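Notes to accompany the following structure.
2 protein chains.
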Amino acid sequence: MAVAPPQEPKRSRRGETSRAAILNAALELFQEHGYEATTMRAIAERAGASLGSSYHYFPSKEHLVLEFYRHTHVLHVAAISPLLAREKDLAARLRGTVRAVVITCEPFHAVAGSIFSTVVDPSSPVNPFGAASKPLRDEVIELYAGVVQGSDARIPADIAEQLPLMLWLYQMAILYFWVWDGSPGRLRTLEVIDETTDLIVRLIGLANLPVLRGSRRRVLNLIKSIVERPSAA
Amino acid sequence: MAVAPPQEPKRSRRGETSRAAILNAALELFQEHGYEATTMRAIAERAGASLGSSYHYFPSKEHLVLEFYRHTHVLHVAAISPLLAREKDLAARLRGTVRAVVITCEPFHAVAGSIFSTVVDPSSPVNPFGAASKPLRDEVIELYAGVVQGSDARIPADIAEQLPLMLWLYQMAILYFWVWDGSPGRLRTLEVIDETTDLIVRLIGLANLPVLRGSRRRVLNLIKSIVERPSAA
DNA sequence: GCTTCAAATTGAACATGTTCAATTTTACGC
DNA sequence: GCGTAAAATTGAACATGTTCAATTTGAAGC
Numbered sequence: 004m005a006v007a008p009p010q011e012p013k014r015s016r017r018g019e020t021s022r023a024a025i026l027n028a029a030l031e032l033f034q035e036h037g038y039e040a041t042t043m044r045a046i047a048e049r050a051g052a053s054l055g056s057s058y059h060y061f062p063s064k065e066h067l068v069l070e071f072y073r074h075t076h077v078l079h080v081a082a083i084s085p086l087l088a089r090e091k092d093l094a095a096r097l098r099g100t101v102r103a104v105v106i107t108c109e110p111f112h113a114v115a116g117s118i119f120s121t122v123v124d125p126s127s128p129v130n131p132f133g134a135a136s137k138p139l140r141d142e143v144i145e146l147y148a149g150v151v152q153g154s155d156a157r158i159p160a161d162i163a164e165q166l167p168l169m170l171w172l173y174q175m176a177i178l179y180f181w182v183w184d185g186s187p188g189r190l191r192t193l194e195v196i197d198e199t200t201d202l203i204v205r206l207i208g209l210a211n212l213p214v215l216r217g218s219r220r221r222v223l224n225l226i227k228s229i230v231e232r233p234s235a236a
Numbered sequence: 004m005a006v007a008p009p010q011e012p013k014r015s016r017r018g019e020t021s022r023a024a025i026l027n028a029a030l031e032l033f034q035e036h037g038y039e040a041t042t043m044r045a046i047a048e049r050a051g052a053s054l055g056s057s058y059h060y061f062p063s064k065e066h067l068v069l070e071f072y073r074h075t076h077v078l079h080v081a082a083i084s085p086l087l088a089r090e091k092d093l094a095a096r097l098r099g100t101v102r103a104v105v106i107t108c109e110p111f112h113a114v115a116g117s118i119f120s121t122v123v124d125p126s127s128p129v130n131p132f133g134a135a136s137k138p139l140r141d142e143v144i145e146l147y148a149g150v151v152q153g154s155d156a157r158i159p160a161d162i163a164e165q166l167p168l169m170l171w172l173y174q175m176a177i178l179y180f181w182v183w184d185g186s187p188g189r190l191r192t193l194e195v196i197d198e199t200t201d202l203i204v205r206l207i208g209l210a211n212l213p214v215l216r217g218s219r220r221r222v223l224n225l226i227k228s229i230v231e232r233p234s235a236a
């Protein structure tokens, strides 16, 4: 199969600005008022478009959330890039990366609950386990693969294989905690991140103990079987 | 403060049948068509009530889901009662209990996704971590306390203190997996339950190893601090 | 320049969760 | 029995996500 040419997609650039305007208006309004309080009509109005036009570019309001999520991911990647370039210690890399997630999202904390609610919903088309979010999900998992591989830690191959996916799940758990965190400046979440990232690295080290070999193999096989045999038909 | 008398609540029994009819209609329709496909108007109609009446008894559609959840809990308790009465092995008790959860919920699997979506939503008033669901949550945690205490396993006190809560969380994770499980008869979920419950019991046993003492204490302290210092102000 | 067709745009219409002011019913003191 | 206040009931009205048929726009082919 020949590689496609740089493909200036022929049917582009006409509605490109409309799409961008709508998306931009949505991101702004989500940050200002949260997900539920933002109406599709308000998005269309701020974008200078019509209600129907918004639906022409985005199948549903939830798809706009997916774009919001992607937006924060870009910010996150930019935020941790210097750290990943210089730091070699796995615990420090992991701590910095996960800290950066919540710090990046901090401006949106007030509205994050309403945004994440849509994302966790199993019946939502933009659910993180669903097909629509696979590209972004893979990017995040890849990011954690980089966090691990760029460190000087020696991770056994069987663990290294599943670790990025597990760290992605871990990040989601932290975010779920963060959404609930009412402490000032979300310091509580940062404390929990510090403690859990350190524990994770420590437990990976302990996994080499002979007494733990059996359980380790079982756990990893279980994870592997779940990932490889996706239950969603 | 004097204990209240058996308290035939004086303002009762008038709307009692209305309330019951509405709840009943809701449970039926949720099972038949799922959460989203069931309209409040349809519930009112089947109950022989008016739309406004439904809102008189239940503040929102989501509160009806909480009742649905309570309903399945009652079925679950009834289902595992014989097992808990005779079985003493912890792994067997745990496996049977969690298996019973998904078996009890199996008739609703097709609609469970739409129902659980509401429940996981952090901004929902009936979120399992929220205040509205505390009574039911405490019941389930208590149930798992019974699963552990009724066994012949010797659980160290520090672990036993946090274990029921952890098992409640574990059950929620299993339910989330089950919602996504597309395998025939949800056999996949049962396999995962068998493997994970066995692993849990095994890991509890391993937690006594001297090398794991430090991490064990840290993990338990972390859990404790999270539970005792609820982040939701 | 004209034709043509797909993309883009529009806003009315619809479905549904929720609110609320008004009305009816019920229980209770007299 | 009567009056009254609280509870229960009602359905119209509202807000908002979504759909859709109709219209407008813009570029490519001639």
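For the record, the sequence lines run as chains A and B.
The opening position of the first sequence corresponds to residue 4 in our numbering, with each subsequent residue numbered one higher.
The opening position of the second sequence corresponds to residue 4 in our numbering, with each subsequent residue numbered one higher.
For glycine and all other residues, C-beta sits at the position ideal for the given N, C-alpha and C.
Here the structure is a predicted model, which means the values were calculated and not measured.
Under the rule that 16 or more other beta-carbon atoms within 10 Å means buried, what is Glu90(B), buried or exposed?
Its Cβ being crowded by 16 or more others within 10 Å, Glu90(B) is buried.
Chain A contact for Ser57(B) (CB, 8 Å cutoff):
Taking Cβ atoms only, chain A never reaches closer than 8 Å to Ser57(B), which makes this a no.
Spatial distance of Glu145(B) from Pro167(B) (CA atoms):
Note on geometry: alpha-carbon atoms of Glu145(B) and Pro167(B) lie some 7 Å from one another.
For chain B, is any of its Cβ atoms less than 8 Å away from the one on Ile229(A)?
Nearest CB-CB separation between Ile229(A) and chain B: below the 8 Å threshold.
By the criterion of Cβ-Cβ separation under 9 Å, what are the contact partners of Pro125(B) in chain A?
Result: Ala115, Gly116, Ser117, Phe119, Ser120, Val123, Tyr179, Val182, Trp183.
Helix, strand or coil for Arg232(A)? Go by DSSP, reduced to three states.
The answer is coil: DSSP assigns Arg232(A) none of H, G, I, E or B.
Residues in the same chain with beta-carbon distance under 8 Å from Leu209(A), minus the five sequence neighbours each way, listed in chain order, please.
Correct list, in chain order: Leu215.
Give the secondary structure of Pro131(B) by DSSP, where H, G and I count as helix, E and B as strand, and everything else as coil.
In the structure shown, Pro131(B) falls within a coil segment according to DSSP collapsed to helix, strand and coil.
Taking only three categories from DSSP, how would you classify Glu208(A)?
At residue 208(A) the sequence reads Gly, which differs from the Glu that was named. Looking at Gly208(A) - three-state DSSP - the assignment turns out to be helix.
I'd like the span of the alpha helix (DSSP H) that includes Pro85(A), first residue to last.
64-89 is the extent of the alpha helix (DSSP H) around Pro85(A).
Short Cβ contact (8 Å threshold) for Leu93(B) with Ser53(B)
No, they are not a contact pair.
Buried or exposed: which applies to Glu11(A), given that a residue is buried once 16 or more other Cβ atoms fall within 10 Å of its Cβ?
Confidence at Glu11(A) is low in this model, with a pLDDT of 40, below 50, so its placement is unreliable and no value can be given for it.
Note down, in chain order, every chain B residue with its Cβ under 7 Å from the Cβ of Arg205(A).
Under the 7 Å cutoff, chain B gives Ser218.
Quick check: what's the CA-CA separation for Glu19(B) versus Ser136(B)?
Answer to the nearest angstrom: the Cα atoms are 22 Å apart.
For Val222(A), return the contacting residues in chain B, with the cut-off set at a CB-CB distance below 8 Å.
Contacts between Val222(A) and chain B, judged by CB atoms closer than 8 Å, involve Leu202 in chain order.
Between Leu202(B), Gly149(B), Ala28(B), Ser127(B), which lies nearest to Ala50(B) when the distance is taken from Cα to Cα?
Of Leu202(B), Gly149(B), Ala28(B), Ser127(B), the residue nearest in Cα terms is Ala28(B).
Counting only Cβ pairs nearer than 8 Å, list the residues of chain A close to Leu225(B).
Ordered by position in chain A, the residues that pass the 8 Å Cβ test against Leu225(B) are Val195, Glu198, Thr199, Leu202.
Where Leu32(B) falls, given that 16 or more other Cβ within 10 Å makes a residue buried
With 16 or more neighbouring CB atoms inside 10 Å of its own CB, Leu32(B) falls in the buried class.
If contacts are defined as beta-carbon pairs under 8 Å, then Met39(B) and Ser117(B) qualify, I think. What distance do you get, rounded to the angstrom?
Sequence check: residue 39(B) is Glu here, not Met. The beta-carbon distance between Glu39(B) and Ser117(B), rounded to whole angstroms, is 5 Å. This is short enough to meet the 8 Å contact definition.
Which same chain residues end up closer than 8 Å to Gln165(A) when comparing Cβ atoms and leaving out the 5 residues on each side of it in sequence?
Non-local C-beta neighbours of Gln165(A) in its own chain, meaning closer than 8 Å and more than five positions away in sequence, comprise Leu223, Ile226, Lys227, Val230, ordered along the chain.
Leaving out five residues before and five after Ala160(A) in sequence, what residues of the same chain have Cβ atoms less than 8 Å from its Cβ?
Same-chain partners within the cutoff: there are none.
With the cut-off set at 8 Å, would you say Ile25(B) and Tyr72(B) are in Cβ contact?
The beta carbons of Ile25(B) and Tyr72(B) sit no closer together than 8 Å.
Is Ser53(A) helix, strand or coil when you go by DSSP?
Per DSSP, reduced to three states, the secondary structure at Ser53(A) is coil, with no helix or strand assignment.
Indicate, with yes or no, if the ligand NAD has a heavy atom lying under 7 Å from the CB of Phe111(B).
Among the components of this structure there are no ligands whatsoever, and the ligand NAD is therefore not found.
Interface residues of chain B facing Leu3(A) [CB-CB closer than 8 Å]:
No answer is possible for residue 3(A): the residues shown for chain A start at 4 and end at 236.
List, in chain order, every chain B residue whose beta-carbon is nearer than 8 Å to that of Phe132(A).
Within 8 Å Cβ-Cβ: Trp183.
What is the DSSP secondary structure of Ser136(A), reduced to helix, strand or coil?
Here Ser136(A) sits in coil by DSSP.
Three or more C-beta pairs closer than 8 Å, one from the segment 183-193 of chain B and one from the segment 96-115 of chain B: is that the case here?
The segment 183-193 of chain B is in contact with the segment 96-115 of chain B.
Taking C-beta to C-beta, are Leu3(A) and His74(A) nearer than 8 Å?
Residue 3(A) lies beyond the stretch modelled for chain A, which goes from 4 to 236, so this question has no answer here.
First and last residue of the alpha helix (DSSP H) that includes Thr3(A)?
Coverage of chain A is limited to positions 4 through 236, which leaves residue 3(A) absent and any answer about it impossible.
Nearest to Val114(A) by CA position, among Ser218(A), Ile196(A), Glu35(A), Val195(A), is which residue?
Shortest Cα-Cα distance from Val114(A) to any of Ser218(A), Ile196(A), Glu35(A), Val195(A) involves Glu35(A).
Just to make sure I have the definition right: I need the residues of chain A whose C-beta is within less than 7 Å of the C-beta of Leu212(B). Which are they?
Ordered by position in chain A, the residues that pass the 7 Å Cβ test against Leu212(B) are Val214.
Span separating the alpha-carbon of Tyr173(A) from that of Ser21(B)
Between Tyr173(A) and Ser21(B), the alpha-carbon positions lie close to 46 Å from each other.
Quick check on Leu206(A): buried or exposed, where buried means 16 or more other Cβ atoms within 10 Å of its Cβ?
Per the 10 Å Cβ criterion, exposed.
Phe180(A) versus Val123(B), Pro213(B), Asp184(B), Val68(B), residue with shortest Cα-Cα distance:
The alpha carbon of Phe180(A) has as its nearest neighbour, out of Val123(B), Pro213(B), Asp184(B), Val68(B), the alpha carbon of Val123(B).
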